Each structure stands twice: as C-alpha cells, then as structure tokens.
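Using my numbering, you'd call the opening residue of the sequence shown number 143 and step up by one each time.
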Amino acid sequence: MKSTPKPRDHHHENLDRIERLDRKLADLGIKIRKDEDSRKVTGEVFDEITLLALYKLVNKKVISSIGGSISTGKEANVFFAGRTSDAGVEVGAAVKIYRLRTGNFTTMSEYILGDPRFSNIRHTHKDIIFAWTKKEYSNLARTREAGIPCPEPFAFDRNILIMEFLGEDGIPYPQMRQKLPKSPEETYQDAVGLIRDLYQKARLVHGDLSEYNILTGPDGLILIDMAQAVTPEHPKAYNFLFRDIRNINRFFAPKCKTTDEHELFRNIVGEEFFEI
143 MKSTPKPRDH
153 HHENLDRIER
163 LDRKLADLGI
173 KIRKDEDSRK
183 VTGEVFDEIT
193 LLALYKLVNK
203 KVISSIGGSI
213 STGKEANVFF
223 AGRTSDAGVE
233 VGAAVKIYRL
243 RTGNFTTMSE
253 YILGDPRFSN
263 IRHTHKDIIF
273 AWTKKEYSNL
283 ARTREAGIPC
293 PEPFAFDRNI
303 LIMEFLGEDG
313 IPYPQMRQKL
323 PKSPEETYQD
333 AVGLIRDLYQ
343 KARLVHGDLS
353 EYNILTGPDG
363 LILIDMAQAV
373 TPEHPKAYNF
383 LFRDIRNINR
393 FFAPKCKTTD
403 EHELFRNIVG
413 EEFFEI
C-alpha cells in the first residue's frame, strides 16, 4: 500500500522562495554571503521580504553590487555596496536594512505614530518598519535640502534604504566620539549648530542625537541615523530636542565649557515659543 506523501510545510516553502530570490540576485551579480561566520546575520537580515526588496532595487539598477558589513546596530545592518553614478562611474553606496524580526516596534512607534506625516499607516510590526525606512529617506532628503551635512538618500523599498557611503577607500568616516574635527570648543559649537540648523532650517528634531550618530568627515560634522527625526508638530518633539541638547552637553562637558541646556533650548526654538 502506497503511503501518501506529506504536504510540504510553510517553512520549507518559504526556504524555497528565498532560494529562488537568492538565485535571481546572483544572476544580477549580487551574492549574499553564506559562510559560517555570517550565517546568523544572514538569517536575521536577508529574509524573503528583504530579498524581494533588494531584488527590485538591483533590477532598477539603484545598486550594482553588495559587499561586506559596515555596521550592525540595534535595529539595522548597514552594508557596503556598489552603484553606477549618473556619469556611468562605479561609486560606493551604503545599504541599510532594517531587520523585520528583531526591530524594536515599541521604540519606532513612539516616533512614528505622533508624526503627522505618517498618521495613516497601519500599526502592524511590518508596516511600522516599512514606514520607518521611508521616514529616514524623507528626513535625509529634507535635511540635505536645508543644506545640512548628512548622507544623500538614493532610494528605498520596504525595509531597505540606499544612501551615500560616507567614507574613503571603503573605510567609513569615524564617529565624533572617536575623532573631533577641530578643538573641543569649536566642535561643540558646530554640534550645537547642527541641532539649531536642523530645527530652524529643516524643521526637524533629530531625537536620538549623540556622539555615536555624528560623523567626522573631511569638511566637518555629518549627521547620520535620521529615521527617528520628527517635525516640531510631534507631541514629544520638544522633549526630544531637549534630550539632544543634553546628550551633546554631556559628551562635551569634560572637554570644554558648555552652555546651559535651558539657554541653548531657548536660543534654538526662539523666544516666541515661550510667549503665551
């Protein structure tokens, strides 16, 4: 008597779809490392949804290759990539992939759900992360339009953001905590200037500013990690702004004289903020 073959479970079907996408990417010249050292990262980052988004971006020729890891954060992994510029030259780019399985839904929700630009999104885990990616793209574009140094955003799809690589010869610029571009006193003024310009010119509050997400480039300080940035209309915008000021003061206080945080806050938002 012949036994009826067991139906394939969802897990195996999912693996098959991932393998097919993986082969399609390989045909386009994108190879995802599968060695023992990167297996855990590969499993956490390159799931089916992510591979599909990556395939679309490669197919649109937004990027032409993907390389090694630049950084691994709490919410995302950043990889070095190749990209063909408008002039037809191969240049470096950064691929930021927000992890769908381990992204901090609660933290992201705090910054997104009060932002009027994203008031219509559904409150599911996946939709929050997709909105988070779109939000970083929008914030970077808005910041650059205001003339404030940050990575240029090129494209996004679902949980993937393609942006300018900030570094030289494949090596990222150092974080401000690792290297100051000028004296502590001058760098402090430049950091405060970034907070002020972001608020006054781009109408944004970074919301998570520290010595870890400001880079030291050849021309000075550069803002990064802009996904959580909010407009002043966000109900917690001014709490976030004060926290940004406090964080910068905390970092520079052992190095140079700092301005009182309440005075800085008043100088940035203007006296009209306090008028009744």
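Glycine included, each C-beta is placed from N, C-alpha and C at the ideal position.
Just so it is clear, the structure is predicted and the values come from calculations on it, not from any experiment.
- Judged by DSSP in its simplified three-state form, Tyr341 adopts helix.
- Val237 is a Cβ neighbour of Ile208, given a cutoff of 8 Å.
- The Cβ neighbour count for Phe416, taken over all protein chains shown within 10 Å, is under 16; the residue is labelled exposed.
- Inclusion of Ile239 and Val200 in the CB contact set at 8 Å is not warranted, their separation being larger than that value.
- Sorting Arg345, His376, Gln331 by C-alpha distance to the C-alpha of Lys397 places Gln331 at the top.
- Annotated three-state conformation of Asn381 is helix, per DSSP.
- With respect to the 8 Å criterion, Ala344 and Ala288 are classified as neighbours on the basis of their beta carbons.
- If you draw a 10 Å sphere on the C-beta of Arg408, you find fewer than 16 other C-beta atoms in it, and that means exposed.
- Per the DSSP secondary-structure output, Gly412 pairs with nothing in a beta bridge.
- A distance of 8 Å or more separates the beta carbons of Glu310 and Pro293.
- Under the 10 Å beta carbon count, Gly349 is surrounded by 16 or more other beta carbons and is classified as buried.
- Judged by DSSP in its simplified three-state form, Ala369 adopts coil rather than helix or strand.
- Under a 10 Å Cβ-count criterion, Val204 is classified as buried, with 16 or more other Cβ atoms of the shown protein chains found around its own Cβ.
- Counting the other CB atoms within 10 Å of its CB gives Asn301 a total of 16 or more, which places it among the buried residues.
- The beta carbon of Ser352 lies closer than 6 Å to those of Asn389 in the same chain, with the five residues before and after it left out.
- The C-alpha of Val411 is placed about 8 Å away from the C-alpha of Tyr341.
- A straight-line Cα-Cα distance of about 25 Å links Lys268 and Ala223.
- Cβ neighbours of Leu322 within its own chain (closer than 6 Å, five residues either side excluded): Thr329.
- DSSP places Leu303 in no alpha helix (DSSP H) but in the uninterrupted beta strand (DSSP E) bounded by 302 to 306.
- At the C-beta level, Leu193 and Asp164 come within 8 Å of one another.
- With a contact defined as Cβ atoms closer than 8 Å, Asn281 and Ala218 miss out at about 15 Å.
- As the crow flies, the alpha-carbon of Gly230 is around 27 Å from that of Ile290.
- Between Val347 and Leu383, the C-beta gap is smaller than 8 Å, which places the two residues in contact.
- The C-alpha of Glu278 is placed about 16 Å away from the C-alpha of Ala379.
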